[in-house]
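Reviewing the structure listed below.
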Amino acid sequence: MNTPDNSMSLELESLVSTLSKLEGLKGAYLFGSFAANQQTQWSDIDLALLYQHSLRADDFWQIKKMLLSQMNRDLDLIDLQAVDNIFQHEIIATGHRLLTNDTSFCVDFEVDVIMYYIDFSFYRLPILADIQKRGYIHDR
Numbered sequence: 040m041n042t043p044d045n046s047m048s049l050e051l052e053s054l055v056s057t058l059s060k061l062e063g064l065k066g067a068y069l070f071g072s073f074a075a076n077q078q079t080q081w082s083d084i085d086l087a088l089l090y091q092h093s094l095r096a097d098d099f100w101q102i103k104k105m106l107l108s109q110m111n112r113d114l115d116l117i118d119l120q121a122v123d124n125i126f127q128h129e130i131i132a133t134g135h136r137l138l139t140n141d142t143s144f145c146v147d148f149e150v151d152v153i154m155y156y157i158d159f160s161f162y163r164l165p166i167l168a169d170i171q172k173r174g175y176i177h178d179r
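For the sequence shown, the numbering used here gives the first residue as 40, with consecutive numbering after it.
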């Protein structure tokens, strides 16, 4: 496991400072190698943004462009409202909130994601077991 060096810590601090100025942002989640403290100098930063609703595509790309202009590494940026529940759950379960502008909204979102994931898993498990037993996904 790698301990973040000072330049990586400063990079995250700078990122948080920039994110705190984004209008309407409810929370930001760090996931991937940085959240697991396993980053290297070549790692990208995996970041998920939480707004009340999905971002418009042009707003998303403007935010990504602005963030990238202030960084010395690649950025994998995710709109948490625009991805499926499995990915939302993975981000929440393995990452951590890097920035919280609206605690109540973030906590409610996290609870909803976890509850939906649990409910959906009940229905998904038999389907996955059947796929594993058959050895293929679609009928052939």
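Glycine included, each C-beta is placed from N, C-alpha and C at the ideal position.
query, result
"So the alpha helix (DSSP H) Tyr155 belongs to, where does it begin and stop?", "Thr142 to Arg173"
"Whole angstroms is fine: what's the gap from Leu61's alpha carbon to Arg163's?", "37 Å"
"Could you give the distance in angstroms between the alpha-carbon of Ile166 and the alpha-carbon of His177?", "12 Å"
"Taking all protein chains shown into account, decide if Tyr68 is buried (16 or more other Cβ within 10 angstroms of its Cβ) or exposed.", "buried"
"Among the residues of its own chain, which have a CB less than 8 Å from the CB of Phe126, if the five just before and after it don't count?", "Ile117"
"Taking the beta strand (DSSP E) that His135 belongs to, which residues open and close that run?", "His135 to Thr139"
"Hey, which unbroken runs of the beta strand (DSSP E) at 3 residues or more fall wholly within the stretch 61–95?", "66–70 and 84–89"
"Just the C-alpha distance for Phe99 and Ala87, rounded to the nearest angstrom, thanks.", "11 Å"
"Where does Ile38 fall in DSSP's three states?", "Lying before the first or after the last residue shown, residue 38 is absent from the chain, which here runs from 40 to 179."
"I need the DSSP call for Ser53, collapsed to helix, strand or coil.", "helix"
"Tell me the DSSP secondary structure of Asp98 in three-state form.", "helix"
"Using the beta-carbon count (16 or more within 10 Å), is Val152 buried or exposed?", "buried"
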